[in-house]
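All residue numbers for the sequence shown refer to my numbering, where the first residue is 13 and numbers rise by one.
Take a look at the structure set out below.
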Amino acid sequence: MNILVTGANGQLGNEMRIISKDTNDNYTFTDVVEVEGVETTILDITNAEAIKKIVKEKDIQCIVNCAAYTNVDKAESDEALCRKLNADAPKLLAKAMKEVNGLLVQISTDYVFGGDPYNTPCSEDQKGTPTGVYGKTKLEGENNIEAVGADYVIIRTAWLYSEFGKNFVKTMLNLTATKPKLTVVFDQAGTPTYAYDLAVAIKAVLADYEKESPKDGYSKRGIYHFSNEGVCSWYDFTKRIAELAGNTACDIEPCHSDEFPSPVKRPAYSVLDKTKIKETFGINIPYWTDSLRKCMNNIGVLKA
Numbered sequence: 013m014n015i016l017v018t019g020a021n022g023q024l025g026n027e028m029r030i031i032s033k034d035t036n037d038n039y040t041f042t043d044v045v046e047v048e049g050v051e052t053t054i055l056d057i058t059n060a061e062a063i064k065k066i067v068k069e070k071d072i073q074c075i076v077n078c079a080a081y082t083n084v085d086k087a088e089s090d091e092a093l094c095r096k097l098n099a100d101a102p103k104l105l106a107k108a109m110k111e112v113n114g115l116l117v118q119i120s121t122d123y124v125f126g127g128d129p130y131n132t133p134c135s136e137d138q139k140g141t142p143t144g145v146y147g148k149t150k151l152e153g154e155n156n157i158e159a160v161g162a163d164y165v166i167i168r169t170a171w172l173y174s175e176f177g178k179n180f181v182k183t184m185l186n187l188t189a190t191k192p193k194l195t196v197v198f199d200q201a202g203t204p205t206y207a208y209d210l211a212v213a214i215k216a217v218l219a220d221y222e223k224e225s226p227k228d229g230y231s232k233r234g235i236y237h238f239s240n241e242g243v244c245s246w247y248d249f250t251k252r253i254a255e256l257a258g259n260t261a262c263d264i265e266p267c268h269s270d271e272f273p274s275p276v277k278r279p280a281y282s283v284l285d286k287t288k289i290k291e292t293f294g295i296n297i298p299y300w301t302d303s304l305r306k307c308m309n310n311i312g313v314l315k316a
């Protein structure tokens, strides 16, 4: 298949570059900026004509949309741009795929939840209750895709990290190596997601779509959840990062989220139920500490 990946220079986009090497598919990697030494096609996903042009030129059958506005705090004061990227652009990508009877794989977020209190893993059909602009616009993007009527697979994920770009793992590696003491939130629970594992799951979806070759609509279209297995707080996550890196000199203490004032309330519990994606696509999801160890080994900081 001919597959287009947006946001190709981000965390997930870079992992898609890696998994693409083990397939026979033809990938076009796009972003709004170029990175030295990395082949990137410039594409503005808010430009409908630009999307249609590249889809036609490359004969694209699938789009994997890894691009998004992800600065949760800044989104509160930058709502217009956030909505343009998270809600409007996915609609344009879905329309482009509908015109060629293709598939859109859209990456969404656990931030579509959070407004209602709960303590059991979130299912795909659970009502979205976002608490901030980021979550609201991502949920709008999901709704816009569904309204277009194209074939789509929306994958909600959470707490994404990788060897690439800026993320929580890299930040905590630095802080636990340089600070004598650190306080980290313990009253927000979820599951970290290694971007490589998510890319492998996307690869499974694409392979299934190619195998089915739907002419009257993809039978597995819909919303799915993916993160690594298990549950932890940001405090637990940090403790494990420090232990694996051998950063034992830093005193890591738990704290409440209200000790770190933020423009937006984050979900207190956003563990995702992955039953559907595992059963539908036969995916085996690694435990979060195993994937963290793998990532840190790739970074070159694994000691324990």
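Quick reminder that beta carbons are idealized off the backbone N, C-alpha and C, glycines included.
Those residues which DSSP pairs with residue i across a bridge
i      : result
Asn168 : The question names Asn, yet the displayed sequence has Arg at residue 168. Paired residue(s): Ser120, His237.
Asn38  : Asn14
Glu265 : Thr195
Ser245 : Ala201
Leu115 : Cys74, Asp163
Tyr299 : Glu241
Cys134 : Leu284
Tyr173 : Tyr206
Residue i burial status per 10 Å Cβ neighbour count (16 or more: buried)
i      : result
Ala92  : exposed
Glu334 : Within the shown structure, residues of the chain are numbered from 13 to 316, placing residue 334 beyond reach of any answer.
Tyr299 : exposed
Val181 : buried
Val145 : buried
Ile72  : buried
Ile54  : exposed
Asp209 : buried
Thr132 : exposed
Lys103 : buried
Asp43  : buried
Asp163 : buried
Asn155 : exposed
Lys315 : exposed
Thr203 : buried
Thr205 : buried
Val45  : exposed
Ser135 : exposed
Lys191 : exposed
Pro279 : buried
Gly19  : buried
Asn36  : exposed
Thr183 : exposed
Residue i to residue j span [Cα, whole Å]
i      : j      : result
Thr292 : Lys223 : 14 Å
Tyr236 : Asn186 : 33 Å
Lys150 : Asp263 : 36 Å
Ser303 : Gly229 : 34 Å
Lys107 : Gly294 : 29 Å
Asn296 : Val313 : 26 Å
Ala159 : Pro142 : 20 Å
Thr58  : Ser231 : 28 Å
Leu284 : Val50  : 33 Å
Ser245 : Tyr221 : 35 Å
Met225 : Gly242 : Looking at the sequence shown, residue 225 is not Met but Ser. Cα to Cα, the separation comes out at about 34 Å.
Tyr247 : Met13  : 42 Å
Lys193 : Ala62  : 50 Å
Asn113 : Ala261 : 56 Å
Gln138 : Ile119 : 17 Å
Tyr81  : Leu105 : 16 Å
Ile15  : Lys65  : 14 Å
Ser282 : Phe41  : 31 Å
Ile166 : Thr188 : 35 Å
Asn98  : Ala60  : 15 Å
Lys68  : Ile253 : 45 Å
Closer than 6 Å: residue i CB and nearest the ligand GTP heavy atom
i      : result
Val145 : With respect to small molecules bound, the structure shown includes none, and the ligand GTP cannot be examined in it.
task = Please determine if the region 24-31 and the region 208-224 are in contact, where contact requires at least 3 C-beta pairs separated by less than 8 Å.
result = Yes: at least three Cβ pairs fall under 8 Å.
ask   = Using 8 Å as the threshold, is the region 82-90 in touch with the region 268-281, meaning 3 or more CB pairs across them?
value = Output reads yes: the region 268-281 touches the region 82-90.
key: Meets three-Cβ-pair contact criterion under 8 Å: the region 192-203 and the region 260-268   = Yes, they touch.
request  = Count the C-beta pairs between the region 176-195 and the region 118-129 that are closer than 8 Å, then say yes if the count reaches three, no if not.
outcome  = In this structure the region 176-195 does not touch the region 118-129; the number of beta carbon pairs closer than 8 Å is below three.
query = Can you give, in chain order, each stretch of the beta strand (DSSP E) that sits fully within the region 30-112 and has at least 3 residues?
reply = Qualifying beta strand (DSSP E) stretches, in chain order: 38-43, 74-77.
message = Does the region 307-314 come into contact with the region 150-167, if we say contact requires no fewer than three beta-carbon pairs (one atom in each stretch) closer than 8 Å?
response = Because the criterion of three Cβ pairs below 8 Å is not met, the region 307-314 and the region 150-167 do not touch.
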